[in-house]
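The sequence shown runs 284 to 631 under my numbering. Glycine included, each C-beta is placed from N, C-alpha and C at the ideal position.
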Amino acid sequence: MAGAEAWSSRTASGLNPVTTIFFDWAAPGAADWQAIDRALVYTDVAHLKDRCYTELSGGERQRVIVAMALAQEPRVLLMDEPTSRLDINHRLELMQIVERLNAEQGLTVLMISHDLNLAAEFCRRLLLLHEGRLVADGAPRDVLREETLRRVYRCEMRVAPNPINGTVNVFPAPRLTARRSGAGIRVHVVAGGGAGEEVLRRLTLCGYALSCGVLNRGDSDAEVAAALGIPVALERPFSPIGPAALDAARALAREAQALAVCGMPFGAGNEANLSLAEEALAAGKLVALMDGVAERDYTPEGRATARAAALRQGGAVLWRNVADLLEALPAGPPPPAAPAARREPASA
Numbered sequence: 284m285a286g287a288e289a290w291s292s293r294t295a296s297g298l299n300p301v302t303t304i305f306f307d308w309a310a311p312g313a314a315d316w317q318a319i320d321r322a323l324v325y326t327d328v329a330h331l332k333d334r335c336y337t338e339l340s341g342g343e344r345q346r347v348i349v350a351m352a353l354a355q356e357p358r359v360l361l362m363d364e365p366t367s368r369l370d371i372n373h374r375l376e377l378m379q380i381v382e383r384l385n386a387e388q389g390l391t392v393l394m395i396s397h398d399l400n401l402a403a404e405f406c407r408r409l410l411l412l413h414e415g416r417l418v419a420d421g422a423p424r425d426v427l428r429e430e431t432l433r434r435v436y437r438c439e440m441r442v443a444p445n446p447i448n449g450t451v452n453v454f455p456a457p458r459l460t461a462r463r464s465g466a467g468i469r470v471h472v473v474a475g476g477g478a479g480e481e482v483l484r485r486l487t488l489c490g491y492a493l494s495c496g497v498l499n500r501g502d503s504d505a506e507v508a509a510a511l512g513i514p515v516a517l518e519r520p521f522s523p524i525g526p527a528a529l530d531a532a533r534a535l536a537r538e539a540q541a542l543a544v545c546g547m548p549f550g551a552g553n554e555a556n557l558s559l560a561e562e563a564l565a566a567g568k569l570v571a572l573m574d575g576v577a578e579r580d581y582t583p584e585g586r587a588t589a590r591a592a593a594l595r596q597g598g599a600v601l602w603r604n605v606a607d608l609l610e611a612l613p614a615g616p617p618p619p620a621a622p623a624a625r626r627e628p629a630s631a
């Protein structure tokens with residue numbers, strides 16, 4: 284545009300210039316006003332230009348912000364969740380506008396989005412990030428794979444071709460929590476360092492009676508267990524597992540019908556927790572061991588890896604996500620079905 288100036292915050296569009304121009308820069312010309320009007324029309328906010336911005340709804344504000352960006356006719360557009368507050372109509376319209384500007388005017392668009400299906404439909408290249416790290420980079424079909432999404436989102440996902448637009452659709456598999464009952468079944472969970480938070484939460488929602496340990500006091504898993512009222516065998520903070528804490532965990536594990544080992548790293552300080560799994564397996568109980576121990580093994584000479592291999596050979600089952608674990612654990616009686624809604628007879 285022709286220059287820079289102060290923009291009024293009193294109108295909804297934010298695109299009406301105040302009369303005072305700062306610095307010795309040119310006032311908006313005809314091309315500038317045309318760019319402003321075009322941005323207002325593109326984003327369907329032209330009818331709001333005389334409204335106060337603070338009076339607008341969240342979706343209207345979102346479209347106004349996008350209009351302000353488009354009015355500058357940028358070469359690179361950075362968008363952070365631009366469709367998060369929009370209804371389905373305006374969400375698609377906005378993405379079509381950006382797609383058109385990218386194709387016809389060479390506008391480079393970098394967009395952050397949690398809407399995987401929208402990203403798959405409109406973006407040629409996806410970068411999937413998890414905990415600040417790049418997990419996958421490429422075309423939607425190459426990035427949006429079930430195994431990758433399962434690992435990142437920690438739930439069962441399904442990816443299917445979209446016959447309408449030629450890309451893929453992502454949708455969660457039916458959740459096990461609602462139809463899975465652990466009523467009457469006790470499970471001892473071996474965790475640590477936050478590795479058990481999701482397991483404790485999901486198993487509790489399914490109705491399993493849980494115990495946990497050994498954990499160090501102050502561990503995030505111990506805090507989650509306390510919040511859920513789960514009995515825990517505790518050791519002092521930053522201390523290796525001692526005999527007293529291990530005996531307390533043994534007492535809890537003996538009462539359980541199954542034992543689940545989560546995906547925490549193993550070192551000399553917590554390797555003793557594996558003895559709980561070994562004893563449970565020897566007693567004929569189900570032991571579910573999260574896969575990938577070798578990648579998390581910091582014990583001398585890889586002792587945890589060797590013990591995990593022995594557990595697997597002895598009959599322990601491997602799991603990679605909570606859905607796998609729920610399938611492996613014994614189930615209680617199914618929850619009672621919701622009563623059918625009564626239908627009143629129609630009056631004549």
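message: Rounded to whole angstroms, what is the Cα-Cα separation between Val322 and Leu410?
response: Residue identity check: residue 322 is Ala in the sequence provided, not Val. Taking the straight line joining both Cα atoms gives about 28 Å.
- prompt: Would a C-beta distance cut-off of 7 Å place Tyr325 and Ile380 closer than the cut-off?
  reply: yes
Reference Ala534; option with closest CA among Phe549, Leu517 and Phe521: Leu517
message: Can you tell me whether Gln596 is buried or exposed? The criterion is at least 16 other CB atoms within 10 Å of its CB, across all chains shown.
response: exposed
query: So Val451 packs on Leu427, CB below 8 Å; how close in whole Å?
result: 6 Å
message: I'd like to know if the stretch 470–480 and the stretch 496–511 are in contact, where contact means that at least 3 CB-CB pairs between them fall below 8 Å.
response: yes
field: The alpha helix (DSSP H) enclosing Arg434, as first and last residue numbers
entry: Glu429 to Tyr436
Between the CA atoms of Phe405 and Pro548 - distance to the nearest angstrom: 39 Å
task: Using DSSP bridges, identify the partner residues of Arg441.
output: Phe454
Unbroken beta strand (DSSP E) run spanning Arg469, endpoints: Arg469 to Val473
message: I'd like the ranges of any alpha helix (DSSP H) spanning at least 4 consecutive residues and lying wholly in the stretch 368–418.
response: 371–388 and 399–405
task: Only counting runs of 3 or more residues, tell me where the beta strand (DSSP E) segments fall wholly within the stretch 557–589, in order along the chain.
output: 569–573
- request: On the DSSP bridge assignment, give the partners of Val324 in chain order.
  value: The partner list for Val324 (beta bridge, DSSP) is empty, contrary to what the question assumes.
message: Let's see if you can read the secondary structure: which residues bound the alpha helix (DSSP H) around Gly546?
response: No alpha helix (DSSP H) contains Gly546, which DSSP labels as neither H nor E.
CA nearest to the CA of Tyr436, picked from Ala422, His413 and Arg500: His413
message: Taking 7 Å as the limit between beta carbons, can you name the residues of its chain near Leu564, skipping five residues before and five after?
response: Val570, Leu594, Gly597, Gly598 and Ala599
- prompt: How would you write the range of the beta strand (DSSP E) that Gly496 sits in, first residue to last?
  reply: Ala492 to Asn499
- prompt: Looking at Gly615 and Gly465, is the spacing between their C-beta atoms short of 7 Å?
  reply: yes
- request: Find out if the Cβ-Cβ distance for the pair Tyr491, Val470 is shorter than 7 Å.
  value: yes
field: First through last residue of the beta strand (DSSP E) which encompasses Asp363
entry: Val359 to Asp363
- prompt: How far does the alpha helix (DSSP H) with Ala329 in it reach, from first residue to last?
  reply: From DSSP, Ala329 is part of no alpha helix (DSSP H); its letter is neither H nor E.
query: Start and end of the alpha helix (DSSP H) containing Ala606?
result: Val605 to Ala611
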